[in-house]
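> Mind having a look at this structure? Questions to follow.
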Amino acid sequence: EVQLVQPGVEVKKPGESLKISCKVSGYSLTSYWIGWVRQMPGKGLEWMGIIHFADSDTRYSPSFRGQGTISADKSIFTAHLQWNSLKASDTALYYCAGAVAGTSWFDAWGQGTLVTVSS
Amino acid sequence: QSALTQPASVSGSPGQSITISCTGTSRDVGGHNHVSWYQQHPGKVPKLMIYDVTNRPSGVSNRFSGSKSGNTASLTISGLQAEDEADYYCNSYISSSPNYVFGSGTKVTVL
């Protein structure tokens, strides 16, 4: 069974940088996609982008280009989402979700990282 | 890429059937069979309920079923139960990107 583990909470000030993680276990990472999903308070799910572990092929949703950088480190089985300069509007719950390459559904989800950006 | 269109809310009495629609375009919902549905209870992680339009993952009740016609996919919940009260999101692959897009979400209320 695939498991995705995320830190629970991050609290930052505007202008600070942040890198959140999603550690994957239980599946061969050479054929696995990780997607990042944003859920703002009281709102719906939004795809930020996806990354293929094997070759770091990364695809950003048009709405999120420039709003975060997605990366993956195969050596530690971990995907990352990072910001260089956070804004208050980045306050949200961020989920990572996993899909086997060649499929179109995300059946493994992390517990989500709540990012709060406040002065 | 705009979110797929879902009704904001759908309600039904216990035992009834309800259907949630998810409308997109020929570039997403209508272009292939890569539509999935997710259930999210308040404060919980989304859960996959249907994949590739009609398929149920192991462990999902057969009261949940999916279908598609043209640019609109649908999720039907039959024999509605109190535990089905949650938010539901459709998701579609976008062949032109390639990437994914969620629906706007539907709150299901069991009366």
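Residue numbers (our numbering), protein chains in the order written: chain Z, 36 to 154; chain E, 770 to 880. Don't be surprised by glycine CBs; every beta carbon is placed ideally from N, CA and C.
Tell me the DSSP secondary structure of glutamate 852 of chain E in three-state form.
In the second sequence, the residue the question calls residue 852 of chain E occupies position 83. In this structure, glutamate 852 of chain E counts as helix in the three-state DSSP scheme.
> Closer than 8 Å by C-beta to arginine 100 of chain Z: which residues in its own chain qualify, once you throw out the five before and the five after it? Chain order, please.
As a working mapping, residue 100 of chain Z is identified with position 65 in the first sequence. Once the five neighbours on either side are set aside, arginine 100 of chain Z has no close Cβ partner at all.
> Report all residues from its chain with a CB closer than 6 Å to the CB of lysine 876 of chain E; omit the five preceding and five following residues, and keep chain order.
As a working note, residue 876 of chain E is residue 107 in the second sequence. Once the five neighbours on either side are set aside, the close Cβ partners of lysine 876 of chain E are Ser778, Asp856.
> So, are the CB atoms of serine 847 of chain E and valine 804 of chain E less than 8 Å apart?
Translated into the one-based positions of the second sequence, residue 847 of chain E becomes position 78. Translated into the one-based positions of the second sequence, residue 804 of chain E becomes position 35. Contact: no.
> Does DSSP put valine 152 of chain Z in a helix, in a strand, or in coil?
Looking up residue 152 of chain Z in the first sequence gives position 117. DSSP places valine 152 of chain Z in strand when its eight states are reduced to three.
> Please decide whether proline 776 of chain E counts as near chain Z, where near means a Cβ-Cβ distance under 8 Å.
Against the second sequence, residue 776 of chain E aligns to sequence position 7. No, no contact with chain Z.
> I want to verify the contact list: residues of chain E whose CB lies under 8 Å from the CB of glutamate 81 of chain Z, in sequence order.
Looking up residue 81 of chain Z in the first sequence gives position 46. Residues of chain E passing the Cβ test: Ala772, Phe871.
> For chain Z, find out if any of its Cβ atoms is closer than 8 Å to the Cβ of tyrosine 820 of chain E; answer yes or no.
Reading the second sequence from its first residue, position 51 is the one you call residue 820 of chain E. Output row for tyrosine 820 of chain E: interface = yes.
> Assess contact between the stretch 130–140 of chain Z and the stretch 51–71 of chain Z, defined as three or more Cβ pairs (one per stretch) separated by less than 8 Å. Is contact present?
yes
> What residue range is occupied by the uninterrupted beta strand (DSSP E) comprising glycine 799 of chain E?
As a working note, residue 799 of chain E is residue 30 in the second sequence. Per DSSP, glycine 799 of chain E belongs to no beta strand (DSSP E) and is neither H nor E.
> Does aspartate 821 of chain E come out as helix, strand or coil in the three-state DSSP assignment?
The residue given as residue 821 of chain E occupies position 52 in the second sequence. Note: aspartate 821 of chain E maps to coil in three-state DSSP.
> Within its chain, find whatever has a CB closer than 6 Å to the CB of threonine 126 of chain Z; leave out the 5 residues flanking it on each side and keep chain order.
Indexing the first sequence from 1 puts residue 126 of chain Z at position 91. Result list for threonine 126 of chain Z: Thr151, Val152, in chain order.
> Could you pull the start and end residues of the beta strand (DSSP E) that arginine 94 of chain Z belongs to?
Walking along the first sequence from the start, residue 94 of chain Z turns up at place 59. Arginine 94 of chain Z: member of the beta strand (DSSP E) spanning 93–95, first to last residue.
> Please classify serine 805 of chain E: does DSSP put it in a helix, a strand, or coil?
Here residue 805 of chain E refers to the residue found at position 36 of the second sequence. Looking at serine 805 of chain E - three-state DSSP - the assignment turns out to be strand.
> Using a Cβ cut-off of 9 Å, pull out every chain Z residue sitting near histidine 803 of chain E, in sequence order please.
As a position in the second sequence, residue 803 of chain E is number 34, starting the count at 1. Result: Thr138, Ser139, Trp140.
> So tyrosine 858 of chain E and leucine 80 of chain Z are supposed to be a Cβ contact under 8 Å. How far apart are they, rounded?
As a working note, residue 858 of chain E is residue 89 in the second sequence. As a working note, residue 80 of chain Z is residue 45 in the first sequence. Correct: roughly 5 Å between the Cβ atoms.
> Quick check: is the beta carbon of serine 154 of chain Z nearer than 8 Å to any beta carbon in chain E?
Position 119 of the first sequence, counted from the start, is the residue given in the question as residue 154 of chain Z. Taking Cβ atoms only, chain E never reaches closer than 8 Å to serine 154 of chain Z, which makes this a no.
> Note down the Cα distance separating arginine 796 of chain E from valine 822 of chain E, rounded to an integer number of angstroms.
Along the second sequence, one-based indexing puts residue 796 of chain E at 27. Along the second sequence, one-based indexing puts residue 822 of chain E at 53. Approximately 16 Å between the Cα atoms of the pair.
> What would DSSP say about threonine 65 of chain Z, mapped onto helix, strand or coil?
In the first sequence, the residue the question calls residue 65 of chain Z occupies position 30. Here threonine 65 of chain Z sits in helix by DSSP.
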